[in-house]
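Note sheet for the following structure.
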Amino acid sequence: MRLSFAIILISSSTTAPCTQKIFTWLDEKGVRHFSDTPQKGAEVTVLPNVKVNTSTPALNHRASFALNELPEHTQQKPLSLKMLKPQHDMAIRSNQGIITVQLKSNRPLESTEQVQLLLDGKPYDAPQHNLDWRLNNIDRGTHTLAVQTIRNGKLIASTIPITVHLHRASVSPSN
């Protein structure tokens, strides 16, 4: 009997509500202060009892994930691109006006990333996931090439623009 009385007494004392008081006062500059210790001239405010659950919440299986399940752009390092072909200031001889462009990337492109080739500052074809292009029937002369990477409509990386010189043989009409 004594043991059950002791258990009831202990359990009721651990769950018994304890009142909390806050002391507020204004200083000589009119600034309001709050404290849990009494101060001279302070007003006492009794806070309502709030039941707090201190147990550890169970993890939601949807909120827990491994690193390899993170969205791709949070795992990957920043993208950097380098144009391998053609090289800057290169003379290209092609009677069909073909320029082959090849890039190197420090990592694979994510599913939300696309590359856009710029020929003379204007988009050439549609954005794509492939890092190689074959440009056909390009007019002879000097051209600039650059590539931009876009993720969800935002520019995230680009190459340094290069200049190439396309030579196409032309046949002069005979007189």
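Using the working numbering, read the sequence shown as starting at 336 and increasing by one per residue.
Don't be surprised by glycine CBs; every beta carbon is placed ideally from N, CA and C.
Since the model is a prediction, treat every value here as computed from it, not as a measurement.
Coil, strand or helix - residue i by DSSP
i	result
residue 432	coil
residue 444	coil
residue 454	strand
residue 491	strand
residue 500	strand
residue 306	The shown model of the chain, from 336 to 510, leaves out residue 306, and the question about it has no answer.
residue 413	coil
residue 463	strand
residue 355	strand
residue 422	coil
Test: residue i CB closer than 9 Å to a CB of chain B
i	result
residue 479	Going by chain labels, chain B is absent from the structure shown, which holds only one protein chain.
Distance between residue j and residue i (C-alpha atoms, nearest Å)
i	j	result
residue 495	residue 425	15 Å
residue 470	residue 434	5 Å
residue 464	residue 505	35 Å
residue 444	residue 432	29 Å
residue 363	residue 487	57 Å
residue 441	residue 414	6 Å
residue 383	residue 374	21 Å
residue 412	residue 369	47 Å
Proximity test, residue i beta-carbon vs the ligand NAD heavy atom, cut-off 8 Å
i	result
residue 468	Because no ligand of any kind appears in the structure shown, any question about the ligand NAD cannot be addressed here.
Cross-strand partners of residue i (DSSP beta bridge)
i	result
residue 483	451, 493
residue 474	Beta-bridge pairing links residue 474 to no other residue.
Element boundaries [beta strand (DSSP E), containing residue i]
i	result
residue 372	Segment: none, residue 372 is in no beta strand (DSSP E) and carries neither H nor E.
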